[in-house]
Amino acid sequence: MKHRKQKNSTHFYLLLGSFFLCLFIFLSAIVYFSPESLSGFDSTLTSWSRIFYPHLNTFFKWYTKLANSSVFGVLAIVFAIILAKFKYYAEALWLLINTALIAGAVNTLIKLFISRERPALNHLVTSHNSSYPSGHSIGSILLYGTLVVLMPLFIKNKKVCRLVQYIISIGIFLIGVSRVYTGVHFPSDILGGFLLGLAWLFLSYPVYLNYRFSLPFKQKRKHG
115 MKHRKQKNST HFYLLLGSFF LCLFIFLSAI VYFSPESLSG FDSTLTSWSR IFYPHLNTFF
175 KWYTKLANSS VFGVLAIVFA IILAKFKYYA EALWLLINTA LIAGAVNTLI KLFISRERPA
235 LNHLVTSHNS SYPSGHSIGS ILLYGTLVVL MPLFIKNKKV CRLVQYIISI GIFLIGVSRV
295 YTGVHFPSDI LGGFLLGLAW LFLSYPVYLN YRFSLPFKQK RKHG
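Take any residue in the sequence shown, note its place counting from 1, add 114, and you have its number in the working numbering.
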């Protein structure tokens, strides 16, 4: 019964991850072949996100740094060390793979292939390389989103855990908003980043679970 439940859970996450991946591929095709068809979507959401411009300039210029590559890399290593210190080795490895391989290498390759130019707006922060998908969005999903998934390991009180997860999730969303507000991304860049991040998070989660539960078994066989 337990095995069947775990199998159904695995299928659910793989299906959900595949769904987000298909959406990402579909959006990427539009950005590559017909970016002008997204102009209405992008301009509307850009106007909404900048409704308080320039009053929130200082806040968003600071807040967007939470997903800068330098800060992102340091935080990923720090969180991985903390996880390893508490003997959450599978979790530490999953976090590092998520952040280094997908948010780093894969995102860079996609950016080079699509080569979308940045918005023709006043950029409040420095930006490098092409626009789609947003590296900050992918990074925030794969770093902070992984922490959302792992939070029950550290906070046993369900209500408190849920509250922290909601707060982090809102923080991830605001990172996306900050990239549009500061003028360095189109909303569709943010959406693409979130979709790719969620796709990998859900597709890799069953693999992480399988590795996590196999570790005690391997250790027992080794010492048996």
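Glycine residues also receive a C-beta, built at the ideal position from the N, C-alpha and C atoms.
Original post:
In chain order, what residues of the same chain have a beta carbon less than 6 Å from the beta carbon of Y280, not counting five sequence neighbours either side?
Top reply: Position 166 of the sequence shown, counted from the first residue, corresponds to residue 280. No residues qualify anywhere along the chain.
Subject >> Span of the alpha helix (DSSP H) around R293 >> reply: Counting from 1 along the sequence shown, the entry for residue 293 is found at position 179. Looking at the DSSP string, the run of the alpha helix (DSSP H) that includes R293 is 272–295.
Subject >> Assigned exposure category for I126 - 16 Cβ within 10 Å defines buried >> reply: In the sequence shown, counting from the first residue as 1, residue 126 sits at position 12. First, the amino acid is wrong: residue 126 is Phe here, not Ile. So F126 ends up on the exposed side.
**OP:** Please report how far the alpha carbon of I228 lies from the alpha carbon of T160, in whole angstroms.
**Re:** For this step, residue 228 is matched to residue 114 along the sequence shown. For this step, residue 160 is matched to residue 46 along the sequence shown. Roughly 21 Å between the two C-alpha positions.
Original post:
Comparing the CB of V294 with every heavy atom of the ligand NAP, is any distance shorter than 6 Å?
Top reply: The ligand NAP is absent from the structure shown, which contains no ligands of any kind.
Original post:
Helix, strand or coil: how does DSSP classify P168 here?
Top reply: Counted from its first residue, the sequence shown places residue 168 at position 54. The answer is coil: DSSP assigns P168 none of H, G, I, E or B.
Original post:
Is the stretch 273–289 in contact with the stretch 218–227, if contact means three or more CB pairs nearer than 8 Å?
Top reply: no
Original post:
Nearest CA to the CA of E231: which residue from H299, L309, L256?
Top reply: In the sequence shown, the residue the question calls residue 231 occupies position 117. Of the candidates H299, L309, L256, the one whose C-alpha sits nearest the C-alpha of E231 is H299.
Original post:
When we look at the beta-carbon of Y146 and count the other beta-carbons within 10 Å, is it buried (16 or more) or exposed?
Top reply: Within the sequence shown, the letter at position 32 stands for residue 146. By the neighbour-count rule (16 or more Cβ atoms within 10 Å), Y146 is not buried but exposed.
Original post:
How far does the alpha helix (DSSP H) with T213 in it reach, from first residue to last?
Top reply: Looking up residue 213 in the sequence shown gives position 99. T213 -> no alpha helix (DSSP H), and no H or E assigned at all.
Original post:
Of the residues L310, A234, N324, which one's Cα is nearest the Cα of S153?
Top reply: Along the sequence shown, one-based indexing puts residue 153 at 39. Among L310, A234, N324, the Cα nearest to that of S153 belongs to A234.
**OP:** Taking 8 Å as the threshold, find out whether the stretch 178–195 comes into contact with the stretch 306–317 through three or more Cβ pairs.
**Re:** no
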